[in-house]
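K.L.:
Below are the structure tokens for one structure; questions will follow.
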Amino acid sequence: MNVETSYSGSTAVAVVDGRIDSANAKDFDEELSAIIDRGVSSLVVDCGGLNYISSAGLRVLLIAIRKTNEAGGGLALCSVPDHIREVLEVSGFVRLTKVFATADEARASFAK
Amino acid sequence: MEATLEVDVGLDRNEPRRAVEEFERFALEHELPMGLTFKFQLALDELLTNVVSYAFEEGARDPVITLVLQVADGRLEALLRDNGRPFNPLRDAPVPDLDLSAEDRRVGGLGIHLTKAFVHTLSYERVDGWNRLNLVQPLAAHREDQT
């Protein structure tokens, strides 16, 4: 797993690739927490390069959703591959966070 | 097509990944459908992660966890065995309430929920001190789903 983040004020886009499971969920949590701790309240997680996520990774996303909601912003996902989208649907995560086609659309949703 | 893979899984949090990556190679080698491979891999990962995390006390003697995979008769089958404490995840895991808000959602049970959704037939039995989880996935039915 690798996370590349670009910042713009209180909004950030984190591009995640690779695999998130119980072996590295802690690292993913540290990455997202560090981004939010820099004052980011609106976080876009770009899943274009994500090829695997288990419930351990979903747990980390849930924590980040809570933190960004509390900060008055939120978390949005974009570029989600079909098989990952199915995981989000089955786990009910599509009801907890918005899913956009592109990072630009996701970012724009926070600007409103 | 008939093939078998046996994987010994150590009591370590990195082991589920190693085991399911072995399954992934096996699936690729035997040309199993990609969608099925992903879902089955996720199910194995969730079940193995549960076992590695919770089935054994600290310093448990001779913990054994094994995974046997078989492709035969148009189906993929897995038997996951461990000699840890009795635990039937199909019955005993908490059932997540997917309608709750992010603030109220608990994450426990999500892995088993995904496993049940992604595997055609799951069964559990406790035999002679072993937990035995059996997973069965018809290959043909899945191919139809894919089209």
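Protein chains in written order, with this note's numbering: chain A, 172 to 283; chain B, 466 to 612.
Quick reminder that beta carbons are idealized off the backbone N, C-alpha and C, glycines included.
Have a look at B:Met-499, B:Tyr-589, B:Phe-505 and flag the residue whose alpha-carbon is nearest the alpha-carbon of Val-485 (chain B).
P.N.:
Answer by Cα proximity: B:Phe-505.
K.L.:
Among the residues of its own chain, which have a CB less than 8 angstroms from the CB of Arg-540 (chain B), if the five just before and after it don't count?
P.N.:
Answer for Arg-540 (chain B): Val-601, Gln-602, Pro-603, Leu-604, listed in chain order.
K.L.:
Between the Cα of Arg-591 (chain B) and those of B:Asp-562, B:Asn-548, B:Thr-514, spot the shortest distance and give me the residue it belongs to.
P.N.:
The shortest Cα separation from Arg-591 (chain B) among B:Asp-562, B:Asn-548, B:Thr-514 belongs to B:Asn-548.
K.L.:
List, in order along the chain, the chain B residues whose C-beta lies closer than 8 angstroms to that of Arg-256 (chain A)?
P.N.:
Result: empty, since nearest Cβ-Cβ is about 12 angstroms, beyond 8 angstroms.
K.L.:
Give the range of the beta strand (DSSP E) segment to which Phe-271 (chain A) is assigned.
P.N.:
Where Phe-271 (chain A) is concerned, the enclosing beta strand (DSSP E) stretches over 269-271.
K.L.:
Using a Cβ-Cβ distance under 8 angstroms, would Asp-557 (chain B) count as near chain A?
P.N.:
No - not a single Cβ of chain A is within 8 angstroms of the one on Asp-557 (chain B).
K.L.:
With distance defined between alpha-carbon atoms, name the residue in B:Leu-476, B:Ala-582, B:Glu-471 nearest to Ser-262 (chain A).
P.N.:
The shortest C-alpha separation from Ser-262 (chain A) is found at B:Ala-582.
K.L.:
Please name the residue in A:Asp-275, A:Thr-268, A:Ser-225, A:Glu-260 whose C-alpha comes closest to that of Ser-193 (chain A).
P.N.:
Comparing Cα-Cα distances from Ser-193 (chain A) to each of A:Asp-275, A:Thr-268, A:Ser-225, A:Glu-260, the minimum goes to A:Ser-225.
K.L.:
Would you kindly check if the distance between the Cβ of Phe-281 (chain A) and the Cβ of Ser-213 (chain A) is under 8 angstroms?
P.N.:
In contact: Ser-213 (chain A) and Phe-281 (chain A) (Cβ atoms closer than 8 angstroms).
K.L.:
If you pair each beta-carbon of the region 564-571 of chain B with each one of the region 525-543 of chain B, do three or more pairs fall below 8 angstroms?
P.N.:
Because the criterion of three Cβ pairs below 8 angstroms is not met, the region 564-571 of chain B and the region 525-543 of chain B do not touch.
K.L.:
For Leu-233 (chain A) and Ala-567 (chain B), which I take to be in contact (beta-carbon distance under 8 angstroms), what is that distance rounded to the nearest angstrom?
P.N.:
At roughly 6 angstroms, the Cβ-Cβ gap stays under 8 angstroms, so Leu-233 (chain A) and Ala-567 (chain B) are in contact.
K.L.:
DSSP state of Glu-276 (chain A), grouped into three classes?
P.N.:
Looking at Glu-276 (chain A) - three-state DSSP - the assignment turns out to be helix.
K.L.:
Quick one: which chain B residues come within Cβ less than 8 angstroms of Val-324 (chain A)?
P.N.:
Residue 324 (chain A) cannot be examined here, being either before or after the span of chain A that is shown, 172 to 283.
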